[in-house]
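There are 2 protein chains.
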Amino acid sequence: MDATAKAFITPDALLAHWQGHRRLTRRLIDAFPDEELFTFSIGGMRSFGELAMEIVNMGVPMVQGAISGAWDAPTSREARPKQEVLRLWDETTAKLEALWPQIPPERFLETLTAFGQYTDALHNLILYVIDNEIHHRGQGYVYLRALEITPPPFYDRS
Amino acid sequence: MDATAKAFITPDALLAHWQGHRRLTRRLIDAFPDEELFTFSIGGMRSFGELAMEIVNMGVPMVQGAISGAWDAPTSREARPKQEVLRLWDETTAKLEALWPQIPPERFLETLTAFGQYTDALHNLILYVIDNEIHHRGQGYVYLRALEITPPPFYDRS
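Quick look at the structure:
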């Protein structure tokens, strides 16, 4: 651990970056018709609703584990109304804001084992969660285009 | 600029993270049949070959601009054989390794205007390039599945 390590990005700026991505993903969820969210698929892949629930189930448990060392991964990905997915999404947004400052700053550069099986620097574990969201959201863009729905612009994180 | 700013991640670790993503994207390009790379599409979106060329054209120009303040964005995205895309990809990999250490470390937290129009902290500008790659690669996963080709696993960055 090098306390004088140079920052590519600070923890606060990374959370702001993540929440920007999460605002965009929320717009993708909202752009799906309710009847397609957990049913539409291409090439045998999962529905966007299932992917959204995977994303909901990763973020807060990762941050909570980073704080407490207790790793608890909910697995509920059943179909539910879009408004319920969005409600869980907004709950996650608020929890991330509240929990993030509780991560000791030096911990981001430390190596942890998340969920009993993923051993890596905490920054890589957190980037994995964000990257997984971007990855699956890219899949959601194709689903929307295939449904002839114009998706929200990728560059807008407001 | 706060020289004592805490690091979420260091510049070296971020480059390693980026190159891991780039190894995966290279495998996606290679997984496409040559005859589908610049032709296959869903919902009127661009082919994966065009997206791969966009990605090739963003990384090195961003890093070069961050070093020199000179912003030059090539726009060549024409169809070409897969082996030529992979050759350009590998050229980019080597250039990024060589150029990255030339970015003064404090610059990542500074605000720049890239390509005469994108004003943001350099870390956000660079994350945009990486996120754009993940986003379009997610699109490539759907294309491969629709072509009944099993894509390489998302978690493997070796």
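Sequence order for the protein chains is A and B. First residue of the first sequence: 330, per our numbering; consecutive thereafter. First residue of the second sequence: 330, per our numbering; consecutive thereafter. For every residue, glycine included, the Cβ atom is placed at its ideal position computed from N, Cα and C.
- With contacts defined by Cβ atoms closer than 9 angstroms, E462(A) and I396(A) do not form a contacting pair.
- L344(A) carries a helical assignment under DSSP once its states are collapsed to helix, strand and coil.
- Assignment of T448(A) by DSSP, reduced to helix, strand and coil, places it in the strand class.
- The residues I371, in chain order, have a CB closer than 7 angstroms to that of A475(A) in the same chain once the five nearest residues on each side in sequence are set aside.
- Inclusion of A450(A) and E439(A) in the CB contact set at 9 angstroms is warranted, their separation being smaller than that value.
- Counting along the chain, no beta strand (DSSP E) covers A399(A), and no H or E run does either.
- For L476(B), no pairing in a beta bridge is given by DSSP.
- Taking a Cβ-Cβ threshold of 7 angstroms, the residues of chain B close to D460(A) are I463, in chain order.
- With a threshold of 9 angstroms between beta carbons, I338(A) makes contact with chain B.
- Here the C-alpha atom of L454(A) lies approximately 18 angstroms from the C-alpha atom of T421(A).
- Residues of chain B whose Cβ lies closer than 7 angstroms to the Cβ of K335(A) are, in chain order, A336, T339, P340, P434.
- Beta-bridge annotation (DSSP): L441(A) is paired with D449(A).
- If you keep only unbroken beta strand (DSSP E) runs of at least 3 residues inside the region 356-400 of chain B, you get nothing at all.
- Closest option to Q431(B), judged by alpha-carbon separation, among K335(B), F377(B), M391(B): M391(B).
- Using a Cβ-Cβ cut-off of 9 angstroms, L343(A) counts as an interface residue toward chain B, since at least one Cβ of chain B sits closer than that to its own.
- According to the DSSP assignment, W418(B) belongs to the alpha helix (DSSP H) that extends over 411-428.
- At the C-beta level, Y470(A) and G467(B) come within 9 angstroms of one another.
- When DSSP states are grouped into helix, strand and coil, I455(B) belongs to the helix group.
- Check the Cα spacing between E379(B) and each of K335(B), T404(B), H350(B): the tightest is with T404(B).
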